[in-house]
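Following: one structure in structure tokens, then a few remarks.
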């Protein structure tokens, strides 16, 4: 391959560029070529797809320990800064030492770069690295001052460990103006979790809900194939270990690595491991010691179950959790062991949500009952549906009302969530939508102490809101489908619209 051809390939292939031109210091202290790991490849694929779709990059990455995410972002931005005209990159972290570490990485990239790819230097100091002919370079800052980074205009922002920033809200308010949302601009926030309520968690919640320009990216620990070890002869797995193994398709070597890590680095504390090396986003953000009513491994197993492979028998019911304040109105369908069809409405308007419910009931006569929480907009929606003649297909539900089985549950909310927990935990795993937001909702509720009468009592809904940073609307909607038993031996029949779409898709595939 000629030198020109190789240069052209390096310009377009980020992974090849990193492996051929960039050097990193390994955990063992060696200087080696920057060869991507599995987590870095997974992140790169997501970012590049967003760039194709949008023209720009806005990504928020929830990471575990030692995945190389910061190194990937550093390499990505070094390439673009050192090979582009007029490109400015800002590095911002929670500690001065961490900022200098990432900045030092960029300097190492520069110093050990191939001569033909190393740009002419203009300035090289403790806070600046700039390239003369390109008029490109780096600025660095630490999230200690509310005005950090405010006066600059940049094309690339590397915001690291945002969950630990002081003055995070004021800093991001300023930084948002320094990275214009134009083609080619990139802002990547990457951080380990630091509990609930901080700005990183708020950004994550908005991204998962599709309410911001940021794309939520989570990379579980087991994506990295290096996280495995030889299985000891006396190695044993508990029932919970086997459930975890099945939920995330792990092998014995990965489970042996996990067990060794828990015993050696986390003093046997599984919850602590789950926070530092999460398998799901909800585990990353959960407080150590949080005991959810519904286990996250069971939710993960239910997400993997394909509805198409399951028989749906029983009444087709819908749960509708209407908005309260700034919440979202959520619909979800359930028939027997299959839940599907989450629909979210962010418009806080009674008639708009009622209209959506009307269309659903009119278009699908197989819906036997729609259960509606009459808090918030719910009472008005229920009244409107009754007024329009749907009184025999809608039921008003008050979460604070007495439970149907008052011997077992403290109130209606506890009963619905308790019945849903039994459904999810059943030996015959149900199918639910493969959806991160629903997953977080389902694991947000936790048991309080049982009452003196032995009734199940949940901690207040406000605690669940604090746990996930928003109202668990999706979880409440699914819980509503357990409000009352509806007798029916219906079998699911695909509606004509879905059949036609599937037939057309098959024809298109055959003619392609």
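Numbering (the numbering used here), first residue to last: 14 to 525.
By construction, the Cβ of each residue, glycine as well, lies at the ideal position given by its N, Cα and C atoms.
Contact between the segment 311 to 323 and the segment 465 to 477 is absent: fewer than 3 CB-CB pairs across the two stretches fall below 8 Å.
In this structure residue 173 touches residue 203 by the C-beta definition: roughly 6 Å separates them, less than 8 Å. In the three-state reduction of the DSSP assignment, residue 351 falls in the strand class. Selection 492, 455, 420, 494 evaluated against residue 468 yields 420 as nearest (Cα-Cα). For a cut-off of 8 Å, the C-beta gap from residue 360 to residue 384 is around 21 Å, too long to register as a contact. Exposed is the label assigned to residue 133, since fewer than 16 other Cβ atoms lie within 10 Å of its Cβ. In terms of Cβ geometry, residue 490 and residue 374 do not form a close pair [threshold 8 Å].
Residue range 486 to 493 is occupied by the alpha helix (DSSP H) that includes residue 488. In the displayed model, residue 152 falls within a strand according to three-state DSSP.
In summary, residue 68 is exposed, with fewer than 16 beta-carbon neighbours lying within 10 Å of its beta-carbon over all protein chains present.
Between residue 77 and residue 290, the CB-CB gap stays under 8 Å. With contacts defined as CB atoms closer than 8 Å, residue 82 and residue 72 fail to qualify as a contacting pair. Short of 6 Å from the beta carbon of residue 292, and not among the five residues preceding or following it, lie these beta carbons of its own chain, in chain order: 233, 261. Fully enclosed beta strand (DSSP E) runs of no fewer than 3 residues occupy 70 to 75 of the segment 55 to 93, in order along the chain. Between the alpha carbons of residue 143 and residue 137 lies a gap of roughly 7 Å. Out of 434, 283, 66, 236, the CA that lies nearest to the CA of residue 263 is found in 236. Cβ-Cβ distances below 8 Å link residue 145 to 132, 133, 134, 135 in the same chain, with the five nearest sequence neighbours on each side left out; the list follows chain order. Rounded to whole angstroms, residue 179 and residue 57 show a C-alpha spacing of 29 Å. With contacts defined as CB atoms closer than 8 Å, residue 295 and residue 484 fail to qualify as a contacting pair.
Residue state for residue 19 is assigned as helix, using DSSP reduced to three classes.
At a Cβ-Cβ threshold of 8 Å, residue 312 and residue 166 do not count as neighbours. Residue 38 and residue 189 have their C-alpha atoms some 32 Å from each other. Taking C-alpha positions only, residue 229 is separated from residue 223 by approximately 9 Å.
Per DSSP, the unbroken alpha helix (DSSP H) holding residue 425 starts and ends at 425 to 438. At a Cβ-Cβ threshold of 8 Å, residue 499 and residue 330 count as neighbours. It is roughly 46 Å from the alpha-carbon of residue 114 to the alpha-carbon of residue 353. Beta-carbon to beta-carbon, residue 210 and residue 482 are separated by about 7 Å, close enough to satisfy the 8 Å threshold. Look at residue 204 here: in three-state DSSP terms it is strand.
DSSP places residue 386 in the uninterrupted beta strand (DSSP E) bounded by 380 to 386. Put simply, the segment 16 to 33 touches the segment 81 to 95. At least three CB pairs are less than 8 Å apart. Taking a 10 Å sphere around the C-beta of residue 44, we find fewer than 16 other C-beta atoms and assign the residue as exposed.
In this structure, the CA atom of residue 85 is about 55 Å from the CA atom of residue 396.
Of all alpha-carbon atoms in 214, 493, 424, the one lying nearest the alpha-carbon of residue 344 is that of 493. The Cβ atoms of residue 326 and residue 504 sit closer than 8 Å to each other. Taking all protein chains in view, the Cβ of residue 413 is surrounded by fewer than 16 other Cβ atoms within 10 Å, so the residue is classified as exposed.
Rounded to the nearest whole angstrom, the CA to CA distance from residue 298 to residue 66 is 29 Å.
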